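Q:
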Amino acid sequence: MKLSRAKKRDEHTLAGAYAMDAISAPDRDRFERHLAGCEECAREVASLREATAVLGSAAAEPLPAGLKERVMAAAAVTRQQPPADEAITKPHARSAGAAVGTWLRSLAWPGRLALAAGAAGAAAVLAVAVVFGVTNGSIQQQLDQVQASSQQIAVVLTARDAVMTTGPVVGGGTATIVMSHSRHALVFTAQGLHALPASRGYELWLIGPAGTRPVGMLTAGSHGMTGPVIASGVRQGDHLALTAEPVGGSPQPSAPMMLDVAL
Amino acid sequence: MTATGSQEPRNPARRAPGAGAGRSTGTSAGTDLAAQIALVARGDAAAFDVVFERIGPSVFGVVKRVIRDPAQSEEVTQEVLLEVWRTASKFDAGRGSATAWVMTLAHRRAVDRVRSVQKESERERRIAAADIPYDEVIEAVESSLERERVRRCLNSLTAVQRESVTLAYYRGYTYGQVASLLGVPTGTVKTRMRDALIRLRDCLGVPEWG
Chain A
1 MKLSRAKKRD EHTLAGAYAM DAISAPDRDR FERHLAGCEE CAREVASLRE ATAVLGSAAA
61 EPLPAGLKER VMAAAAVTRQ QPPADEAITK PHARSAGAAV GTWLRSLAWP GRLALAAGAA
121 GAAAVLAVAV VFGVTNGSIQ QQLDQVQASS QQIAVVLTAR DAVMTTGPVV GGGTATIVMS
181 HSRHALVFTA QGLHALPASR GYELWLIGPA GTRPVGMLTA GSHGMTGPVI ASGVRQGDHL
241 ALTAEPVGGS PQPSAPMMLD VAL
Chain B
264 MTATGSQEPR NPARRAPGAG AGRSTGTSAG TDLAAQIALV ARGDAAAFDV VFERIGPSVF
324 GVVKRVIRDP AQSEEVTQEV LLEVWRTASK FDAGRGSATA WVMTLAHRRA VDRVRSVQKE
384 SERERRIAAA DIPYDEVIEA VESSLERERV RRCLNSLTAV QRESVTLAYY RGYTYGQVAS
444 LLGVPTGTVK TRMRDALIRL RDCLGVPEWG
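Residue numbers (my numbering), protein chains in the order written: chain A, 1 to 263; chain B, 264 to 473.
1) What residues in the region 19-31 of chain A have a beta carbon less than 7 angstroms from any beta carbon of chain B?
2) Out of curiosity, what's the CA-to-CA distance linking residue 448 of chain B and residue 442 of chain B?
3) Measure from the alpha carbon of residue 369 of chain B to the alpha carbon of each residue in B/430, B/411, B/322 and B/330, then state which is nearest.
4) For the candidate residues B/422, B/345 and B/365, whose alpha-carbon lies nearest to that of residue 49 of chain A?
5) For residue 188 of chain A, which three-state DSSP category applies?
6) May I ask you to report which of helix, strand or coil DSSP gives residue 233 of chain A?
7) Output the distance between the C-alpha atoms of residue 415 of chain B and residue 408 of chain B, rounded to the nearest integer angstrom.
8) Does the beta-carbon of residue 426 of chain B have 16 or more other beta-carbons within 10 angstroms, so that it is buried, or is it exposed?
9) Quick one: Cα of residue 181 of chain A to Cα of residue 236 of chain A, how far?
10) Since residue 167 of chain A sits in a beta bridge, which residues does DSSP pair it with?
11) Just by C-beta distance, which residues in the region 415-426 of chain B are closer than 7 angstroms to chain A?
12) Starting from residue 173 of chain A, find everything on chain B with Cβ-Cβ shorter than 7 angstroms and list it in chain order.
13) Return the chain-ordered list of same chain residues with a C-beta closer than 6 angstroms to the C-beta of residue 267 of chain A, the five sequence neighbours on each side being excluded.
14) What did DSSP end up calling residue 86 of chain A once you bin it into helix, strand or coil?
15) Does the Cβ of residue 200 of chain A have 16 or more other Cβ atoms within 10 Å, making it buried, or fewer, making it exposed?
16) Quick check on DSSP: helix, strand or coil for residue 101 of chain A?
17) Could you work out which residues of chain A lie near residue 446 of chain B, taking near to mean beta carbons separated by less than 7 angstroms?
18) Quick check: residue 185 of chain A and residue 232 of chain A, are their CB atoms within less than 7 angstroms of each other?
19) State the CB to CB distance for the pair residue 303 of chain B and residue 348 of chain B, rounded to an integer number of angstroms; the pair is presumed to be in contact (CB under 8 angstroms).
20) Helix, strand or coil: how does DSSP classify residue 206 of chain A here?
21) Between the C-alpha atoms of residue 190 of chain A and residue 211 of chain A, what's the straight-line distance to the nearest angstrom?
22) Flag this pair as yes or no: are the beta carbons of residue 193 of chain A and residue 244 of chain A separated by less than 7 angstroms?
23) For the region 47-73 of chain A, which residues have a CB atom closer than 8 angstroms to at least one CB atom of chain D, in sequence order?
24) If you compare alpha carbons, which of B/352, B/311 and B/462 is closest to residue 344 of chain B?
25) Counting along the chain, where does the beta strand (DSSP E) carrying residue 260 of chain A start and finish?
26) For residue 75 of chain A, which option in B/430, B/337, B/331 and B/350 has the closest C-alpha, if you only look at C-alpha atoms?
27) In chain order, which continuous runs of the alpha helix (DSSP H) of length 4 or greater are located wholly inside the region 428-462 of chain B?
28) Output, in sequence order along the chain, the residues in the region 233-252 of chain A whose CB is closer than 7 angstroms to any CB in chain B.
29) So, for residue 169 of chain A: in the same chain, excluding its five sequence neighbours on each side, which residues have a beta-carbon less than 7 angstroms away from its beta-carbon?
30) Between which two residues does the beta strand (DSSP E) containing residue 213 of chain A stretch?
31) For residue 455 of chain B, which residues of its own chain have a beta-carbon under 6 angstroms away from its beta-carbon, when the five flanking residues on both sides are left out?
32) Quick one, are the C-beta atoms of residue 64 of chain A and residue 337 of chain B less than 7 angstroms apart?
33) Over the uninterrupted alpha helix (DSSP H) stretch that includes residue 245 of chain A, give me the two end residues.
34) Let me know if residue 362 of chain B comes out buried or exposed under the rule of 16 or more other beta-carbons within 10 Å of its beta-carbon.
35) Assuming residue 55 of chain A and residue 413 of chain B make a contact with CB atoms under 8 angstroms, what is their CB distance in whole Å?
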């Protein structure tokens, strides 16, 4: 597409605003389309960004304590993007749930770990990892609902007081719980659960002084994981319980408890 | 590092930079950071540590300047640095310096965060916009040679150019917002922003790329 000289000059003046991100989203998109076809403009933007980078570096401040440890720990469990060649074949839109499951799987340490207090500061880790999974462009097409739930999950995982617990499930499998008391919420996932007949499923419950509340049925995720389930409104003294129920769920948990964890 | 066991990224023997570091023609410091990022792209945690030490404070500084709130700034800084880890393979040393690549990520993330919050509190934003940040920026930019250089170059701009740049870059305003704050037409602000950055670039003597 050939632009008229005047129009082109007009587009071009946006280079400064664009290099400083001083541009609204629609303008940004428009200018990026322009850049794609204008090598000279791309070069100019690149050179202006060298200047803005110096402006940014001039504002350098010492990093807050623990930030580096959190990011390094996050990096240790965060998959890197492949180089451009491989990326040419568009990555499949991964479901946000699967992405979260993968993160949790990679973090399935045995035992209990005080994430925020530990040197790893892995709350943010998990956290950020999941946030990335969620905001990754490859899953932008996902349903709003999935996104909203993943964002809720990310909120729990990023909480500074997030604590991860893993433990065996009666009848087989391992459960992983990330609990944030400050958010009154937890994220649950399990791996390798004993397969139930098609008419039955696993249901998660909160049981405590405030009563027995169903959290939801577990769904199948990827890699033998269940999809992550978020339980909000966790109260003092609550236990998390897992039972086998008819697929539609039950009003009250049936014995036996496959899992019963004090929160 | 904690017991992440086999999930821990491989940390291969450090290779001589060069193979993947590419066509960089920048300063030795810039080239060095580019080489480290090339190593990061291969999963080298030690190189990531180096990158972190080198550019982490700049990322935090610019993010905090735009966002202001320390807790949110910390969060966004973490996101940016993890994104550097995640997308290191996307860095193209032929298109710009490693510093510019990281700082562009950082600034854009900070601005995106501020704008998504702004939508919810347009009114607060307008109140906050009343104070002009120039003095504060200059104050923050004081001391150290780099800062002195930036200060000198900012001072070489006209008042409107300087205000356009500081409001846009350090405050995260759009050119439209800058125009209304300064009471000048948007076309003028766009032009001033570009002229100002060209002048800054030339004054700072940053290398040409591409």
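C-beta: ideal position from N, C-alpha, C; glycine also.
The structure presented is a predicted model; accordingly, all values stated were derived computationally and were not measured.
A: According to the structure data:
1) 19, 20, 21, 22, 23 and 24
2) As a position in the second sequence, residue 448 of chain B is number 185, starting the count at 1. As a position in the second sequence, residue 442 of chain B is number 179, starting the count at 1. Whole-angstrom Cα-Cα distance: 6 angstroms.
3) As a position in the second sequence, residue 369 of chain B is number 106, starting the count at 1. That would be B/322, whose Cα lies nearest to the Cα of residue 369 of chain B.
4) Residue 49 of chain A sits at position 49 when you count from the first residue of the first sequence. If we check each option's Cα against that of residue 49 of chain A, B/365 comes out closest.
5) As a working mapping, residue 188 of chain A is identified with position 188 in the first sequence. In the structure shown, residue 188 of chain A sits in a strand (DSSP, three-state: E or B).
6) Walking along the first sequence from the start, residue 233 of chain A turns up at place 233. Reduced to three states, the DSSP call for residue 233 of chain A is coil.
7) Along the second sequence, read from residue 1 onward, the residue named residue 415 of chain B stands at position 152. Along the second sequence, read from residue 1 onward, the residue named residue 408 of chain B stands at position 145. Roughly 10 angstroms separates the two Cα atoms.
8) To locate residue 426 of chain B, count along the second sequence from 1; it is residue 163. Residue environment for residue 426 of chain B: buried (at least 16 other C-beta atoms within 10 angstroms of its C-beta).
9) Here residue 181 of chain A refers to the residue found at position 181 of the first sequence. Here residue 236 of chain A refers to the residue found at position 236 of the first sequence. Whole-angstrom Cα-Cα distance: 9 angstroms.
10) Along the first sequence, one-based indexing puts residue 167 of chain A at 167. Its beta-bridge partners are A/175.
11) none
12) For the purposes of this step, residue 173 of chain A is taken as residue 173 along the first sequence, with counting starting at 1. Simply none; closest approach about 19 angstroms.
13) Nothing can be reported for residue 267 of chain A, as the shown portion of chain A is limited to 1 through 263.
14) The count along the first sequence starts at 1 and reaches residue 86 of chain A at position 86. Confidence at residue 86 of chain A is low in this model, with a pLDDT of 44, below 50, so the placement of that residue should be treated as unreliable; the coordinate-derived value is given next. It is helical.
15) Translated into positions along the first sequence, residue 200 of chain A becomes position 200. The residue is exposed, with fewer than 16 neighbouring Cβ atoms inside 10 Å.
16) In the first sequence, counting from the first residue as 1, residue 101 of chain A sits at position 101. Because the pLDDT of residue 101 of chain A is 36, which lies under 50, any placement of that residue in the model is unreliable, and the question is left without a value.
17) If you number the second sequence from 1, residue 446 of chain B lands on position 183. Chain A residues near residue 446 of chain B: none, gap ~17 angstroms exceeds 7 angstroms.
18) On the first sequence, residue 185 of chain A is found 185 positions in, with the first residue counted as 1. On the first sequence, residue 232 of chain A is found 232 positions in, with the first residue counted as 1. Yes, these two residues count as a Cβ contact at 7 angstroms.
19) Indexing the second sequence from 1 puts residue 303 of chain B at position 40. Indexing the second sequence from 1 puts residue 348 of chain B at position 85. Correct: roughly 6 angstroms between the Cβ atoms.
20) Your numbering for residue 206 of chain A matches position 206 in the first sequence. Three-state DSSP puts residue 206 of chain A in a strand.
21) To locate residue 190 of chain A, count along the first sequence from 1; it is residue 190. To locate residue 211 of chain A, count along the first sequence from 1; it is residue 211. If you draw a straight line from the Cα of residue 190 of chain A to the Cα of residue 211 of chain A, it is about 24 angstroms long.
22) By one-based count along the first sequence, residue 193 of chain A stands at place 193. By one-based count along the first sequence, residue 244 of chain A stands at place 244. It is not a contact, given that the beta carbons lie outside the stated cut-off.
23) Looking for chain D here will not work: the only protein chains present are A and B.
24) As a working mapping, residue 344 of chain B is identified with position 81 in the second sequence. Out of B/352, B/311 and B/462, B/311 has the C-alpha closest to the C-alpha of residue 344 of chain B.
25) The residue you call residue 260 of chain A lines up with position 260 of the first sequence. First-last of the beta strand (DSSP E) with residue 260 of chain A: 259-262.
26) Translated into the one-based positions of the first sequence, residue 75 of chain A becomes position 75. Per the Cα distances, B/350.
27) Correct list: 438-445.
28) Within the region 233-252 of chain A, no residue qualifies.
29) Working through the first sequence from its first residue, we reach residue 169 of chain A at position 169. Excluding residues within five positions, the ones whose Cβ falls inside 7 angstroms are 175, 190, 193, 242, 258 and 259.
30) Against the first sequence, residue 213 of chain A aligns to sequence position 213. That run of the beta strand (DSSP E) goes 211-217.
31) For the purposes of this step, residue 455 of chain B is taken as the residue at position 192 of the second sequence. 423, 424 and 427.
32) For the purposes of this step, residue 64 of chain A is taken as residue 64 along the first sequence, with counting starting at 1. For the purposes of this step, residue 337 of chain B is taken as residue 74 along the second sequence, with counting starting at 1. A Cβ-Cβ contact shorter than 7 angstroms links residue 64 of chain A with residue 337 of chain B.
33) Within the first sequence, numbered from 1, the residue matching residue 245 of chain A stands at position 245. First-last for residue 245 of chain A: 239-246, but that is the beta strand (DSSP E), not the alpha helix (DSSP H).
34) The residue you call residue 362 of chain B lines up with position 99 of the second sequence. Counting Cβ neighbours within 10 Å, residue 362 of chain B comes out buried, since at least 16 surround it.
35) By 1-based counting over the first sequence, the position of residue 55 of chain A is 55. By 1-based counting over the second sequence, the position of residue 413 of chain B is 150. At roughly 6 angstroms, the Cβ-Cβ gap stays under 8 angstroms, so residue 55 of chain A and residue 413 of chain B are in contact.
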